[in-house]
Amino acid sequence: MKKTILIASITSLLSTAALAGPYVEAYADKIDAKTGDVVYGGIVGYSFNFGTSIEAEYDSEKDLELTAAHKFQIDDTFYVKPSAAYVFTNGDKNWSTGAIDSRHFTPDEPGYFELNESGLNTNVYKLGLEFGAAFQNGLFAAARYRYEGDTDAYKATAKWSLNSEVHPGNDAINTASLNLGKGAIGRADLTLGWANDLIELRSKAINKRQLNKDHGDRNTMDYELQLTYKGLGSFAPYARVTNVELHDSRDNQIKLGASYQF
374 MKKTILIASI
384 TSLLSTAALA
394 GPYVEAYADK
404 IDAKTGDVVY
414 GGIVGYSFNF
424 GTSIEAEYDS
434 EKDLELTAAH
444 KFQIDDTFYV
454 KPSAAYVFTN
464 GDKNWSTGAI
474 DSRHFTPDEP
484 GYFELNESGL
494 NTNVYKLGLE
504 FGAAFQNGLF
514 AAARYRYEGD
524 TDAYKATAKW
534 SLNSEVHPGN
544 DAINTASLNL
554 GKGAIGRADL
564 TLGWANDLIE
574 LRSKAINKRQ
584 LNKDHGDRNT
594 MDYELQLTYK
604 GLGSFAPYAR
614 VTNVELHDSR
624 DNQIKLGASY
634 QF
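For the sequence shown, counting from 1, position 73 maps to 446 in this note's numbering; every step adds exactly one.
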């Protein structure tokens with residue numbers, strides 16, 4: 374029994390060591406041929422031979438995301454991989470109109486109006502757990518659940534007063550407040566793919582559900598299909614098409630990129 378466990382452990386280490394070392398990735402995402410819009414990004418990471426990987430990703434939408442994961446190889450086929458990530462957003466978290474004087478517009482408008490919002494571009498932390506399997510015939514599959522939570526709550530406060538010149542005696546300041554709390558998304562991924570020495574074909578179904586109902590009952594389903602060419606050694610270009618569910622329609626997004634394993 375001990376000999377079997379030892380052999381399985383050595384096999385696990387050897388299979389992980391083959392992918393150990395630093396790697397980089399560059400991509401152009403959400404390519405829109407009609408508008409010319411595109412999001413550029415890059416990833417720098419390191420995979421250790423004992424199963425741990427760390428990486429940093431930056432793009433113009435996601436800002437800076439730091440991720441750490443560890444892959445526990447159960448046997449030659451099955452594994453479990455917990456992960457944690459933190460996204461630092463670059464946008465302003467607070468926004469205000471300032472006091473807008475509307476006394477000189479139309480008599481029916483308030484004397485002034487002011488809107489203050491906070492928690493707009495909040496940082497996000499992500500905690501995930503993945504179960505997967507890779508078979509000798511090249512097939513692989515994985516299921517992952519990830520909790521994505523905001524670090525700041527969304528709040529809004531509005532202040533206004535009536536035009537006292539039109540409404541004498543009604544120049545009191547009125548206020549209204551809104552506190553939606555922190556947003557939280559539950560994301561579930563199902564992955565199925567096949568790979569050989571030259572190509573890897575990967576499909577993924579992604580469900581995202583808003584867990585804080587104060588932020589709305591958002592529940593979306595996206596689908597990905599990615600083809601990676603592995604015949605260039607450490608350099609691996611890929612193309613991905615994602616069918617994204619929007620509020621009232623669906624859209625296809627294209628991602629082109631390449632990774633290099635040192």
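C-beta: ideal position from N, C-alpha, C; glycine also.
Burial state of residue i (16 or more Cβ within 10 Å)
| i | result |
| --- | --- |
| Gly589 | exposed |
| Glu434 | exposed |
| Tyr498 | exposed |
| Asp570 | exposed |
| Ser550 | exposed |
| Gly464 | exposed |
| Ser534 | buried |
| Gln446 | buried |
| Gly606 | exposed |
| Leu619 | exposed |
| Ala399 | exposed |
| Ala609 | buried |
| Asp523 | buried |
Contact check, residue i vs residue j, beta carbons under 8 Å
| i | j | result |
| --- | --- | --- |
| Thr440 | Ser456 | yes |
| Glu487 | Lys532 | yes |
| Phe635 | Gly394 | yes |
| Lys403 | Gln599 | no |
| Arg623 | Glu597 | no |
| Glu503 | Ala516 | yes |
| Thr462 | Asn489 | no |
| Gln583 | Ile558 | yes |
| Leu493 | Tyr520 | no |
| Ala458 | Leu629 | no |
| Thr593 | Lys577 | no |
| Trp567 | Gly511 | yes |
DSSP beta-bridge partners of residue i
| i | result |
| --- | --- |
| Leu502 | Pro455, Tyr518 |
| Gln599 | Arg575, Arg613 |
| Ala531 | Leu488, Ala549 |
| Ile627 | Ile404, Val614 |
| Leu439 | Ala429, Tyr459 |
| Val411 | Answer by DSSP bridge pairing: none, since Val411 is not bridged. |
| Asn422 | In the DSSP output, where bridge partners are listed per residue, Asn422 has none listed. |
| Ser469 | Asn489 |
| Ala557 | Gly522 |
| Asn592 | Arg582 |
| Ser632 | Glu398, Ala609 |
For residue j and residue i, believed in contact at Cβ under 8 Å, the rounded distance
| i | j | result |
| --- | --- | --- |
| Lys454 | Ala442 | 6 Å |
| Asp587 | Leu553 | 4 Å |
| Val417 | Tyr633 | Between Tyr633 and Val417 the Cβ distance is about 11 Å, and since that is not below 8 Å, they are no contact. |
| Arg560 | Ile579 | 7 Å |
Can at least three beta-carbon pairs, one atom from the segment 409-416 and one from the segment 458-468, be found at a separation below 8 Å? no
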